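**Student:** I'd like to ask you about the structure that follows.
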Amino acid sequence: MENWKINTVRITFFTFLMLSIFLFSKNQLLIQTQSQFEFIPGNIGIASLFPYQGFENLTLLSADVTMRTELKDFNDISMPINFTCDYIIYNPSTTVNASFVLPIFHDLSILADIVTDFTAFRAWVNGTPAPLQIIDDEFTENIEEELEYFFNFLCLNYTEFQNDTIIHVRISAEVTFSTSLGRNVQILTISNDLRTMNYWNNYFNKTVEFRVNGIQPTSYSDYSDTTPERKCLVTHYESGTSYFWFWEQEQIIENIVMIQWQIPRDKPFTFLVSWDFFSLLLFAISSALVLLVNRRRNKIKRCLHE
C-alpha cells in the first residue's frame, strides 16, 4: 500500500512540475512574441513648400500636390509612391535671392526602410533643374517642434528672383515603401501636412490629390483642431480612385489630409492560446491519472477487506 502512496505523490509532483515549466515557457514566449510582432505605424508624407524667414513678402498664388501610388498585396508590400508638387510664386517687391523650404517625411521609425538618399527628390524652377540641400537645425529654429521632429527639411535656393515676376516651382520624387517593413505595419498612412501653408502671408488656391490604383485605402480624411472635416471629392477612373481636396483663396485651417490602410495582420494570440490550452490539457490528464490511481487503490483496499 505504501507503494501506491509513493506513486500518487510522484504523479502529483510531476504534474505540478510540468505545469510550472509550461506556464513559465508560455510567459517567456509571450515576452519574445510581443517584441517580435510589435506593430508600428507607417507614415509617409510631405508638408508644403514655404518661404525661408526673411522672404515672407513673396506671394504664393497656387499650390498643387499630387501623390500617386499602387498597392497590390498586403502580404508582400512593394508600394511605389510618386510625389509631384507645383507652386506658382509671385515676387511683388525688389529682386531677391530667395530660399524656400520643403519638409519631407520622415516617421523616424521607418526612414531607413523607405529612402536613404534624398537625391530621390528633384526640383525645377521654370523648367530648369534646381539643386536641393538638407537644411541644418539652425535654419529650423522658428519651425513648430512637432514638425521639426517628424520631418527633414530640404532647401531650394533661387537667385535673382526678379521683382514683379512669377516663377513655377516643381518638386517631385518617387520612393517605394519597404516590403521588409511591411510585415510589421498594421496602419499605413500617406499624408500631406498643411500646417506650413500658414507661413505664407496671403490667401491662395490649394489642391491635394491622392490617386490610388489597386487596393483602395480603408479611410480618407482631413484633420483640424477646431473645424469639421472638409468634403473630399472621390472620383473613380479606369484603374483606380482619386481623393481630392481643394481650397480657393482662403486660409487653410486643416492640419493634415491623408489616406490610410488598415492592414490585416494575424497577431500571435492564437498561438499563445494553444499554449494555455495545452497546459490545461496536461493538468487535466495528470489529475485524471491521480484520480484513477486513488480509485484503484481504494478498490484494492475493499477487495482485501472482503
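Just remember that our numbering sits 22 ahead of the position in the sequence shown, which is counted from 1.
Beta carbons are placed, not taken as given, at the ideal position from N, Cα and C, and that holds for glycine.
Just so you know, these numbers come straight off a predicted model, no measurement behind them.
#1: The beta strand (DSSP E) with Q282 in it runs from where to where?
#2: For a quick check, are the C-beta atoms of V279 and S213 less than 9 Å apart?
#3: Compare the C-alpha of T198 against each of E92, M101 and L71 and name the closest.
#4: Please go through the same chain and pick out, in chain order, the residues whose beta-carbon is closer than 8 Å to the beta-carbon of L83, but skip the five residues on each side of it.
#5: Where do the ends of the beta strand (DSSP E) carrying I188 lie?
#6: List the DSSP bridge partners of D215.
#7: What residues in its chain sit with their C-beta under 8 Å from that of V256, if we drop five residues either side in the sequence?
#8: Run through DSSP, which three-state label would A69 get?
#9: Could you tell me how far apart the beta carbons of L210 and N277 are, in whole angstroms, since I believe they sit closer than 8 Å?
#10: Please identify the residue among Q284, N179, Q273 and M219 whose C-alpha is closest to the C-alpha of S70.
#11: In its own chain, which residues sit with a C-beta less than 6 Å from the C-beta of Q155, not counting the 5 before and 5 after it?
#12: According to DSSP, simplified to helix, strand and coil, what is N223?
#13: Nearest-angstrom Cα distance between T331 and S115?
#14: Take I103 and list the residues in its own chain whose beta-carbon comes closer than 8 Å to its own, dropping the five residues that flank it on each side.
#15: On the CB-based measure, 16 or more other CB atoms within 10 Å of its CB, does Y74 come out buried or exposed?
#16: Could you please give the first and the last residue of the uninterrupted beta strand (DSSP E) stretch that includes N104?
#17: Measuring alpha carbon to alpha carbon, tell me which residue in L124, F268, D86 and D95 is nearest I285.
#18: Out of curiosity, what's the CA-to-CA distance linking A145 and Q282?
#19: Which two residues bound the contiguous beta strand (DSSP E) that contains T88?
#20: Beta strand (DSSP E) containing S121: first to last residue?
#21: Let me check understanding here. Comparing Cα to Cα, which of H190, Q208 and Y221 lies closest to T97?
#22: Taking a contact to mean a Cβ-Cβ separation below 9 Å, would you say L72 touches V118 in this structure?
#23: Count the other CB atoms within 10 Å of the CB of P153; is the residue buried (16 or more) or exposed (fewer)?
#24: If P125 sits next to F175, beta carbons under 8 Å apart, how far is it from one beta carbon to the other, in whole angstroms?
#25: Taking all protein chains shown into account, decide if P239 is buried (16 or more other Cβ within 10 angstroms of its Cβ) or exposed.
#26: So which of T150, W222 and S194 has the shortest CA-CA distance to F77?
#27: With which residues is Y334 paired in a DSSP beta bridge?
#28: Just the C-alpha distance for I275 and G149, rounded to the nearest angstrom, thanks.
#29: Measuring only the C-alpha atoms, how far is Y259 from N185?
**Tutor:** Taking the coordinates as given:
#1: I278 to Q284
#2: Cβ atoms of V279 and S213: closer than 9 Å.
#3: M101
#4: I110, I111, Y112, I188, F226 and N227
#5: T187 to F199
#6: I278
#7: Y242, T263, S264, Y265 and F266
#8: Judged by DSSP in its simplified three-state form, A69 adopts coil rather than helix or strand.
#9: With 8 Å as the limit, L210 and N277 do not qualify as a contact, their Cβ atoms being about 19 Å apart.
#10: If we check each option's Cα against that of S70, M219 comes out closest.
#11: C177
#12: In this structure, N223 counts as coil in the three-state DSSP scheme.
#13: Outside the shown range of the chain (23 to 328) lies residue 331, about which nothing can therefore be said.
#14: I66, M89, R90, T91, E196, V197, T198, F199 and I212
#15: Buried, because 16 or more other Cβ atoms sit within 10 Å of the Cβ of Y74.
#16: Counting along the chain, N104 sits inside the beta strand (DSSP E) bounded by residues M101 to N113.
#17: D95
#18: Each residue's alpha carbon lies about 27 Å from the other.
#19: T81 to L93
#20: V118 to F127
#21: Looking at the sequence itself, residue 97 is Asn, so the reference to Thr does not match. Of the listed residues, the one whose Cα sits closest to N97 is Q208.
#22: In the sequence under discussion, the amino acid at residue 72 is Phe, which differs from the Leu named in the question. Not a contact, by the Cβ cut-off of 9 Å.
#23: exposed
#24: 6 Å
#25: Under this definition P239 is a buried residue.
#26: W222
#27: Any question about residue 334 goes unanswered here, given that the chain covers just 23 to 328.
#28: Rounded to the nearest angstrom, the gap between the Cα atoms of I275 and G149 is 31 Å.
#29: 42 Å
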